[in-house]
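J.:
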Amino acid sequence: MRIAVASGKGGTGKTTVATSLALSLASDSTRPPPLFLDCDVEAPNAHLFLRPTFERRQEVGILIPRVDESKCTHCGKCAEVCQYHAIAVLGKKVLVFAQLCHGCGSCALICPEHAISEVPDVMGVLEFGTTRAGIVFARGVMNVGEPMAVPVIRQLKKWIAPQPNQIVIMDAPPGTTCPVVESVRSADFLLLVTEPTPFGLHDLKLAAQIARELNLPAGVVINRDGIGDAGVEEFCAAERLPILMRIPFDRAIAEGIAQGQTLVDMRPECLSSFQSLFNQVRILVEAPA
Amino acid sequence: MKQVVILSGKGGTGKTSVAAAFAHLAYADSLRSVLADADVDAANLGLVLSPRVIEEHDFVGGSIAVIDPDKCDGCGVCVSVCRFDAVQVREGGYRIDPIPCDGCAACVYQCPTKAIRMESQVVGRWFRSESRYGPLFHAALRPAQENSGKLVTLVKQKARLLALDENYSAVIVDGPPGIGCPVISAASGADLALIVTEPTVAGIHDMERALKTTAHFRVPSFVCINKADVYPDGAAQIEAYCREHDIEIVGRIPFDQTVTEAMVNGEPVTAYRPDAPASRAMRAVWERIATRLNDQEDRQ
Amino acid sequence: MKIIITTVSPTIESEIDPRFGRGAYLLVVDPNTLEWQAHPNPGVNAPGGAGIKAAQFVVEQKVHAVISGDFGPHAFDALNAASVPMYVFGATRTVREAIARFNAGQLECVTAATRADCHSESKT
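Chains as they are written, first to last, in my numbering: chain E, 21 to 309; chain G, 137 to 436; chain B, 1034 to 1157.
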């Protein structure tokens, strides 16, 4: 089963919830420890809390065109088909703009002289390791200056195959567009973490729409419960979005997380709350549609 | 006319709260400003500025491929060329899933029966509003869509052009989290960037990536530490990092529940309760930034 | 001989548009006879790579120079690859002024991208 943890608004506690869920599953000896994927490749943070020992590393990127000038007739068909203006024919020169390229291969396919080959352009790195609790950890780190996170996320998800019965937890980036969609697409359940404030509510509504677009069952965790107003509760009731957990606001927790402690480190009793969260998720996933 | 963009790396550090305070304080100081909410995925700035929409427009994103089932003969060339896993099987043929489709059109050009065409899609809307503190440009991208960068660029351009046409002194841009394309688009053309960070391990880690990003694109950057008292050691780490990299820290804002109260009340905290600790600290940050903005040579 | 200037309106009486990639119009003009023709800039609506689109148009027109306010890195690389000299208009506001100063050799020729912008160098 694949559980994606997302939010819409940044800073609501996705990583806090995702890592705590992973730790609670790891403490259950009746199942293999979970596979944790940190899909926030622009600003990955989960490693600060789960502290994996990295054992494997792989550069990733997309394939970009390379033109063999000796075969090129400057017909311009490559530039014509490129939807991203990443290849241009200027007089007798062909320029490739790697940052604009999406690696689709269309130019290489269309070139009548077969003058275009494709070469890897590195955009980031994938890293794999295990944590003391036995969690299998993988993340992607996009290179600074790269505009596109999606290809890195896509390859991260294909990189490590889960074992049978191994739960996969995907910690998504904030937001509601393509990097988030790429992260959560293959999930069986979308866990939406929010805070009970107007900003939290506004962005929860958008995140809930993703669940609808992707046809994913979803549930909500309210973090920092008590700080704002009742808008989120009312919304969830109206949309029949189950509220699966409430984490009360506690400055001591905030201070601990600031230092890199996990919720489970600070409040060992919440291990069972997260186990119960997982059970509720399982029931919702297995429920008839 | 100067442009300031507010970024963070990590989400939830307080960009929008600071941007709203800046909008209010600039207005109070008679520094006429145009406001731009560049977080088009999750635009929150309007929630505290009481905007009245005066113009709204469709935003057309990239196109996606559509297969004509009458012309499709099920040869499967589209499946073999698609690098985005966007082609799904249908009885006797195929269908493009619009969500993963990247709009590359490779299938369009390779399809032997010319059964595929590109269709442009309206993927969001952008708005020009009048807010309490000046014109506000904002947008909403439909969830699960692409082209945030393009929409961010549009919002900013509209703001910039209005500012130039009507002699505003500044454009204040509330940026998105992360460091990818939407952030790069938000930062492009800025005279300076303010990185709002928090003294947490995650906040510090992402602040460093955000600073590397603005450095990469040569945007002069400053840092302010929000919720500064939550982890004093963390604040010290930020100070050390900034000292080492020659980055000025323009202020420290204490953790203050008034910020949330103000948000619930639909106002910037500096307007809601000017003498609250966070308000006083934000006013100090604003004053430093306004001076630094003045120091920057006009980039236009 | 022809040059191209980015303009706000489609006439020789226009003000200059300081942006190359997204300037509203590309005015093709003979700086000696002042014969001119205005074309909408194909880069204006491009999602990305506006400068590249505009540069391709410029190269197709086979002009001897381009005058604008601002050449981003992609536009610069593209025009440079095609050996089209780029000039910035400096303090002038109108097309006519810019042409006069171009003829007098008073415009600054650009040897590098005038701003760092989103997306960086090209790879050939």
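In this text, a Cβ means the ideal position worked out from N, Cα and C, and glycines have one as well.
1) Taking the Cβ atom as the reference point for each residue, do residue 68 of chain E and residue 337 of chain G lie within a distance shorter than 8 angstroms?
2) Between the Cα of residue 161 of chain E and those of E/81, E/243, E/31 and E/295, spot the shortest distance and give me the residue it belongs to.
3) Can you tell me which of the three DSSP states residue 432 of chain G falls into?
4) By the 7 angstroms beta-carbon criterion, what residues does the region 108-121 of chain E contribute toward chain B?
5) Taking all protein chains shown into account, do 16 or more other C-beta atoms lie within 10 angstroms of the C-beta of residue 307 of chain E, making it buried, or fewer, making it exposed?
6) Report all residues from its chain with a CB closer than 7 angstroms to the CB of residue 237 of chain G; omit the five preceding and five following residues, and keep chain order.
7) Could you check what DSSP says for residue 274 of chain G in three-state terms: helix, strand or coil?
8) Among the candidates E/225, E/109 and E/244, whose CA atom is the shortest distance from the CA of residue 278 of chain G?
9) Which residue marks the beginning of the alpha helix (DSSP H) containing residue 363 of chain G, and which one marks its end?
10) Strictly below 7 angstroms CB to CB, what residues from chain B border residue 348 of chain G?
11) I need the straight-line Cα distance from residue 274 of chain E to residue 215 of chain G, nearest angstrom please.
12) Does the distance from the C-beta atom of residue 276 of chain G to that of residue 233 of chain E stay below 8 angstroms?
13) Which ranges does the beta strand (DSSP E) cover as unbroken runs of at least 3 residues, wholly within the region 256-336 of chain G, from first to last along the chain?
14) Mind checking if residue 245 of chain G is an interface residue toward chain E, Cβ cutoff 8 angstroms exclusive?
15) With 16 as the cutoff for other CB atoms within 10 Å, does residue 1152 of chain B come out buried or exposed?
16) Is the region 411-423 of chain G in contact with the region 1092-1099 of chain B, if contact means three or more CB pairs nearer than 8 angstroms?
17) Is there contact between the region 1104-1111 of chain B and the region 110-126 of chain E, where contact requires at least three CB pairs shorter than 8 angstroms?
18) Excluding the 5 residues preceding and the 5 following residue 52 of chain E in the sequence, name in chain order all residues of the same chain whose CB lies nearer than 7 angstroms to its CB.
19) Under 7 angstroms between beta-carbons, which chain G residues line up against residue 124 of chain E? List them in chain order, please.
20) Which same chain residues, not among the five before or five after residue 72 of chain E, have their C-beta less than 7 angstroms away from its C-beta?
21) Near residue 30 of chain E, which residues of its chain fall below 6 angstroms by C-beta distance, leaving aside the five closest residues on each side in sequence?
22) Thinking C-beta only, is residue 352 of chain G closer than 8 angstroms to residue 165 of chain E?
23) State the CB to CB distance for the pair residue 1143 of chain B and residue 1121 of chain B, rounded to an integer number of angstroms; the pair is presumed to be in contact (CB under 8 angstroms).
24) What are the boundary residues of the alpha helix (DSSP H) that includes residue 1113 of chain B?
25) Out of G/304, G/409 and G/413, state which residue places its alpha-carbon closest to the alpha-carbon of residue 166 of chain G.
26) Give me, in chain order, the residues of the same chain whose beta-carbon lies closer than 8 angstroms to that of residue 360 of chain G; leave out the 5 immediate sequence neighbours on both sides.
27) Apart from the five residues on each side of it in sequence, which residues of its chain come closer than 7 angstroms, Cβ to Cβ, to residue 158 of chain G?
28) State yes or no: is the beta carbon of residue 1089 of chain B nearer than 8 angstroms to at least one beta carbon in chain E?
29) Closer than 6 angstroms by C-beta to residue 6 of chain E: which residues in its own chain qualify, once you throw out the five before and the five after it? Chain order, please.
30) Out of B/1065, B/1043 and B/1077, which one is the CA nearest neighbour of residue 289 of chain G?
31) Residues in its own chain within less than 7 angstroms of residue 194 of chain G by CB, not counting five upstream and five downstream?
32) At a CB distance below 7 angstroms, what residues from the region 171-194 of chain G approach chain E? Give them in sequence order.
33) According to DSSP, simplified to helix, strand and coil, what is residue 296 of chain E?
34) Give the interface partners of residue 105 of chain E over in chain B, defined as CB-CB distance under 7 angstroms, in chain order.
35) Closer than 8 angstroms is the cut-off here; do at least three beta carbon pairs connect the region 177-193 of chain G with the region 395-412 of chain G?
36) Spatial neighbours of residue 327 of chain G within its chain, please: C-beta separation below 7 angstroms, excluding the five flanking residues on both sides.
T.: Considering the structure as presented:
1) In this structure, residue 68 of chain E lies near residue 337 of chain G, with their beta-carbon atoms less than 8 angstroms apart.
2) Per the Cα distances, E/81.
3) Coil, per DSSP.
4) Cβ contacts with chain B: 108, 110, 111, 113, 115, 116, 117, 118, 119 and 120.
5) For residue 307 of chain E, the number of other beta carbons within 10 angstroms of its own is below 16, and it is reported as exposed.
6) Shown here for residue 237 of chain G: same chain residues with a beta carbon closer than 7 angstroms to its own, the five before and five after excluded, namely 200, 201, 220 and 222 in chain order.
7) Three-state result, residue 274 of chain G: strand.
8) For residue 278 of chain G, the nearest C-alpha among the options comes from E/225.
9) Neither: residue 363 of chain G is in no alpha helix (DSSP H) and is coded neither H nor E.
10) Those within 7 angstroms of residue 348 of chain G in chain B number zero; the least Cβ separation is about 14 angstroms.
11) The alpha-carbon separation between residue 274 of chain E and residue 215 of chain G amounts to approximately 48 angstroms.
12) Going by beta carbons, residue 276 of chain G and residue 233 of chain E fall outside the 8 angstroms limit.
13) 270-277, 306-310 and 328-333, all fully within the region 256-336 of chain G.
14) Cβ-Cβ to chain E under 8 angstroms: yes for residue 245 of chain G.
15) Note on residue 1152 of chain B: pLDDT 45, under 50, position unreliable in the model; no value is reported.
16) No: the two stretches stay apart, fewer than three of their Cβ pairs being nearer than 8 angstroms.
17) Result yes; three or more Cβ-Cβ pairs closer than 8 angstroms.
18) The beta carbon of residue 52 of chain E sits closer than 7 angstroms to the beta carbons of 183, 185 and 186 from its chain, once the five residues preceding and following it are set aside; these are given in chain order.
19) Under the 7 angstroms cutoff, chain G gives 219, 238, 240 and 242.
20) 149, 150, 151 and 157, listed in sequence order.
21) So the qualifying residues of the chain are 194.
22) Yes, Cβ-Cβ distance for residue 165 of chain E and residue 352 of chain G is below 8 angstroms.
23) Contact between residue 1143 of chain B and residue 1121 of chain B holds: CB atoms are separated by about 6 angstroms, below the 8 angstroms threshold.
24) Here the alpha helix (DSSP H) through residue 1113 of chain B covers 1106-1114.
25) Looking at the Cα atoms, G/304 is the closest of the given residues.
26) Beyond the five residues adjoining it in sequence on each side, residue 360 of chain G comes within less than 8 angstroms, by CB distance, of 154, 330, 331, 332, 333, 385, 386, 387, 388, 389 and 421 in the same chain, given in chain order.
27) Result list for residue 158 of chain G: 308 and 422, in chain order.
28) So, interface residue.
29) The structure shown does not extend to residue 6 of chain E, since chain E spans only 21 to 309, so no value can be given for it.
30) Comparing Cα-Cα distances from residue 289 of chain G to each of B/1065, B/1043 and B/1077, the minimum goes to B/1077.
31) Only 258 and 261 meet the Cβ criterion.
32) Cβ contacts with chain E come from 177, 178, 180 and 183.
33) When secondary structure is reduced to three states using DSSP, residue 296 of chain E falls in the helix class.
34) Residue 105 of chain E reaches chain B at 1079, 1081, 1082, 1085 and 1086, counting residues in chain order whose Cβ is nearer than 7 angstroms.
35) Under the 8 angstroms Cβ criterion, the region 177-193 of chain G counts as touching the region 395-412 of chain G, having at least three qualifying pairs.
36) Within the same chain, residue 327 of chain G has close Cβ partners 138, 139, 140, 429, 432 and 435.
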